[in-house]
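Numbering (our numbering), first residue to last: 5 to 231.
Working notes, beginning with the structure itself.
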Amino acid sequence: PIGYLTFPHLITYEEGLRLQSYLVNRRHHINQQLKEGEDCSIRDIICFLQHPPTYTAGRRIRGKSNEDEKKRLMGLGADYYETMRGGEVTYHGPGQLIAYPIIDIRDYNVCLNVRCYVSLLEKIIIDCCSKYDIKANTTEHTGVWVGNDSKIAALGVHLQRYVTSHGMALNCNTDLTWFNHIVACGLPDKHVTSISKEKNRTITTDDVLPHLIQSFEQYLSKSLVPI
């Protein structure tokens, strides 16, 4: 099985990075143990959490963002981080369900490279949205969309010796006005949406989590168990 962690409180982005670093190192250690004939019942772990208001810059612009822009965004009351994930600037915050899978993709026949793994995550999100009768899809742009112009989930992943980190951010009942302060993912003519906005009622991350877990189980062909 795959273990999963949930948290009753907001996790700062920095705490999330430290947690992922620990779990990636743990997974590499397990790989070494497997070579030596030892095994572990829970090899892979997925973290489900929410961040406080945070803007993050991905690898495409890491080191290129100017200090004024950083100060402007932090002046709104948000944290700001440059990260190792793929992609450009995006927003994370309460009401957005984050999933950070720390898995070795070699254990899953469905994906053996980054593009294939991202495609798998997209399918998982699309399946989860379908539980709410939301017809989500992919476009030529990264992420999951409703139609061609409204992004409902962002993706950005990092791969280190076949072990994944970072992952997906699905808007459930996110305050979408935070996105007004950035060109989300570098696409000025696109918009963002959420499950709540699409259904015109409040649907929380707690509501969505069981459905997202089911979608992970379906597409990874393994059960998820709380740890």
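Virtual Cβ for every residue (Gly too), placed ideally from N, Cα, C.
Since the model is a prediction, treat every value here as computed from it, not as a measurement.
Would you say residue i touches the ligand FAD, meaning its beta carbon is less than 7 Å from a heavy atom?
{"i": "VAL196", "result": "Ligands in the displayed structure: none, and consequently the ligand FAD is not present."}
Decide if residue i is buried, meaning its Cβ has at least 16 other Cβ atoms within 10 Å, or exposed.
{"i": "ASP72", "result": "exposed"}
{"i": "TYR26", "result": "exposed"}
{"i": "ARG3", "result": "Shown here, the chain extends from 5 to 231; a query on residue 3 therefore has no answer."}
{"i": "GLU42", "result": "exposed"}
{"i": "ILE6", "result": "buried"}
{"i": "PRO12", "result": "exposed"}
{"i": "ASN175", "result": "buried"}
{"i": "VAL196", "result": "buried"}
{"i": "THR209", "result": "buried"}
{"i": "ILE15", "result": "buried"}
{"i": "GLU202", "result": "buried"}
{"i": "LYS155", "result": "buried"}
{"i": "GLN222", "result": "exposed"}
{"i": "VAL212", "result": "buried"}
{"i": "CYS133", "result": "buried"}
{"i": "ILE129", "result": "buried"}
Rounded C-beta distance between residue i and residue j? I'm assuming under 8 Å.
{"i": "TYR95", "j": "TRP149", "result": "Wrong, their Cβ atoms sit about 16 Å apart, outside the cutoff."}
{"i": "ALA145", "j": "LEU116", "result": "It is worth fixing the name first, because residue 145 is His in this sequence and not Ala. Contact doesn't hold; Cβ gap of about 24 Å is too wide."}
{"i": "GLY20", "j": "LEU53", "result": "7 Å"}
{"i": "THR143", "j": "ASN152", "result": "6 Å"}
Among the options, which has the Cα closest to the Cα of residue i?
{"i": "LEU9", "options": "PRO214, GLY190, ASP83", "result": "PRO214"}
{"i": "LEU101", "options": "VAL187, LYS194, HIS170, VAL28", "result": "HIS170"}
{"i": "LYS127", "options": "PRO5, PHE220, PRO230", "result": "PHE220"}
{"i": "GLU86", "options": "GLU18, ARG205, ASP108", "result": "GLU18"}
{"i": "LYS135", "options": "THR206, ARG205, ILE199", "result": "ILE199"}
{"i": "VAL122", "options": "ALA158, VAL93, CYS133", "result": "ALA158"}
{"i": "LYS194", "options": "ASP179, LEU216, GLY147", "result": "GLY147"}
{"i": "LEU216", "options": "LEU125, ALA188, LEU77, ASP179", "result": "LEU125"}
{"i": "ALA173", "options": "ILE46, CYS44, TYR59, SER45", "result": "TYR59"}
{"i": "ASN177", "options": "MET78, LEU77, ASN204", "result": "ASN204"}
{"i": "ASN184", "options": "ARG76, PRO230, TYR112", "result": "ARG76"}
{"i": "GLU92", "options": "GLY62, ASP83, VAL118", "result": "GLY62"}
{"i": "LYS226", "options": "ASN113, GLY151, LYS39", "result": "ASN113"}
{"i": "ARG31", "options": "ARG110, VAL212, ASP83", "result": "ARG110"}
{"i": "ILE186", "options": "LYS74, MET88, ASP137", "result": "LYS74"}
{"i": "GLN24", "options": "MET88, LYS39, GLN218, GLY79", "result": "MET88"}
Does the distance from the CB of residue i to the CB of residue j come in under 8 Å?
{"i": "ALA103", "j": "ILE34", "result": "no"}
{"i": "ASP48", "j": "ASP131", "result": "no"}
{"i": "PRO2", "j": "GLY97", "result": "There is simply no residue 2 to check, as the chain begins at 5 and stops at 231 in what is shown."}
{"i": "ILE106", "j": "VAL167", "result": "yes"}
{"i": "LEU163", "j": "VAL229", "result": "no"}
{"i": "CYS44", "j": "GLN37", "result": "yes"}
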